[in-house]
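Written below as structure tokens is the structure these notes are about.
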Amino acid sequence: MTIQSEHTLATPADGSIKELLAVETGRLADLISGLAPYDGSFRQCIPGLSVGRYSQVNKDDVKSFDLPSMLIVAQGAKSLTVGQEVYQFSQSQILMLPVALPIALKVTQASHSEPYLSVKLVLDPHKIAELALKVYPQGVPAVTKWSAGYILNADIGMINAASRLVKCLNNTSDAELLGPLVMDEFLIRVLRSPIGSRIAELGFTGSETHLVSKAVDWLRNHFSIQIKVAELAEMVHMSESTFRVHFKSITSMSPLQYQKALRLHEARRLMISESIDATTACNLVGYASPSQFNRDYSRFFGSPPKRDVVALRQQVTTDSDLPLE
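For the sequence shown, UniProt numbering begins at 1 and goes up steadily by one.
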């Protein structure tokens with residue numbers, strides 16, 4: 001079923017095209033199944049490419065942090081929350097995130113007989129810029145409305161390219177020699193789609209998406225440092241008011257909300273992977289007050305730090321807390 005929302009950019013399809021699309025998407029699902037024999041996320045030999053498989057729905061949202069990326073769903077459905085925005089996407093749809101974002105995920109349609117299956121591609125701004133210059137030789141069409149994410153109804157060409165890309169992964173030589181070419185084809189097809197100009201903005205210095213991404217990168221690398229919004233705006237050569245508007249429209253949260261999410265995710269990572277206690281993690285990520293840290297952590301993740309970490313360590317798999325797949 002095609003899910004339409006205010007974030008969905010539709011492409012027309014008649015009955016026969018829909019049938020062909022379903023067949024091609026089924027082929028993609030079969031190829032993904034061969035690379036994902038059990039639930040989890042599986043990184044592939046092509047940099048930035050991974051596949052995901054999940055055979056049951058999530059009762060609760062899974063908090064994660066993800067890079068600029070595209071997700072192609074071959075089977076099942078998922079929902080993603082960024083700030084106050086909720087995105088629902090399913091089979092034959094592509095989700096695009098233009099900047100690195102703290103997100104909450106939930107598999108909404110999956111079973112052991114028909115698991116959720118997807119392919120994820122992390123976006124490289126330099127590659128996007130290179131291809132966008134070819135797709136838009138006269139200049140990228142102006143973007144007047146931004147969002148933290150975009151959903152595209154994929155066409156047969158996009159799904160076919162994704163299938164051939166995944167098929168390359170079964171042969172080391174094909175992955176090395178043909179994989180990058182098929183990857184370029186897939187990206188070009190999406191750049192020519194209704195969301196193409198939004199993706200193209202990621203690669204061009206001076207675009208709103210690129211400038212916000214630059215501020216996001218600074219926050220990711222200096223999340224423990226106290227900074228005023230005006231100082232962030234000055235870094236990317238925007239007025240404070242303009243910066244606030246564009247940052248909120250592209251990330252669905254304010255700069256300070258974004259920084260808080262970064263700190264909490266990093267604190268969680270430190271406690272899980274490096275066995276650091278909550279007080280130490282609190283100090284390392286920039287909190288001055290342990291009590292405030294505990295309140296923010298409980299509100300954000302749904303449990304106090306100690307209880308949350310114990311629960312995560314008891315999980316059979318840790319992959320579910322990491323990727324978008």
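By construction, the Cβ of each residue, glycine as well, lies at the ideal position given by its N, Cα and C atoms.
Is it buried or exposed for S291, if we count other Cβ within 10 angstroms and need 16 for buried? Counting from 1 along the sequence shown, the entry for residue 291 is found at position 291. Its Cβ having fewer than 16 others within 10 Å, S291 is exposed.
Around the Cβ of S273, are there at least 16 other Cβ atoms within 10 angstroms (buried) or fewer (exposed)? Here residue 273 corresponds to residue number 273 of the sequence shown, with the count starting at 1. By the 10 Å Cβ count, S273 comes out exposed.
By DSSP, does Q226 sit in helix, in strand, or in coil? In the sequence shown, the residue the question calls residue 226 occupies position 226. If DSSP states are grouped into helix, strand and coil, Q226 belongs with coil.
List the residues that DSSP assigns as beta-bridge partners of S79. Within the sequence shown, numbered from 1, the residue matching residue 79 stands at position 79. Note: S79 sits in a beta bridge opposite Q88, K106.
Only counting the same chain, and skipping five residues up and downstream in sequence, which positions put a Cβ closer than 6 Å to that of E6? Position 6 of the sequence shown holds residue 6. Legend: pLDDT at E6 = 44, less than 50; position of this residue unreliable, no value from coordinates given.
Beta-bridge pairing of V73 - partner residues as DSSP gives them: The count along the sequence shown starts at 1 and reaches residue 73 at position 73. Bridge partners of V73: S118.
Could you say which of H237, S33, F301 lies nearest to H265 if we only look at CA atoms? Taking the sequence shown and counting its residues from 1, the one referred to as residue 265 is at position 265. The residue with the shortest Cα to Cα distance from H265 is F301.
How about L67: is its C-beta nearer than 8 Å to some C-beta of chain D? In the structure shown, chain D does not exist; there is a single protein chain.
Using only the alpha-carbon positions, how far apart do V62 and P137 sit? Residue numbering aside, residue 62 sits at position 62 when the sequence shown is read from its first letter. Residue numbering aside, residue 137 sits at position 137 when the sequence shown is read from its first letter. For V62 and P137, the distance between alpha carbons rounds to 41 Å.
Of all the options T209, L202, R263, K127, which has the alpha carbon lying nearest to the alpha carbon of K248? Taking the sequence shown and counting its residues from 1, the one referred to as residue 248 is at position 248. Here the closest residue by C-alpha is T209.
DSSP-derived helix/strand/coil call for N58: Reading the sequence shown from its first residue, position 58 is the one you call residue 58. Note: N58 maps to coil in three-state DSSP.
Determine, using beta carbons only, whether S92 and Q109 come nearer to each other than 8 Å. By 1-based counting over the sequence shown, the position of residue 92 is 92. By 1-based counting over the sequence shown, the position of residue 109 is 109. No, these two residues do not count as a Cβ contact at 8 Å.
Stretch-stretch touch, CB-based, cutoff 8 Å, three pairs: the stretch 164–180 with the stretch 25–35: yes
Assigned exposure category for T317 - 16 Cβ within 10 Å defines buried: The residue given as residue 317 occupies position 317 in the sequence shown. Unreliable positioning characterises T317 in this predicted model, as indicated by a pLDDT of 44, which lies under 50. A coordinate reading is not provided.
Please classify A267 as buried or exposed, where buried requires at least 16 neighbouring CB atoms within 10 angstroms. Walking along the sequence shown from the start, residue 267 turns up at place 267. By the 10 Å Cβ count, A267 comes out buried.
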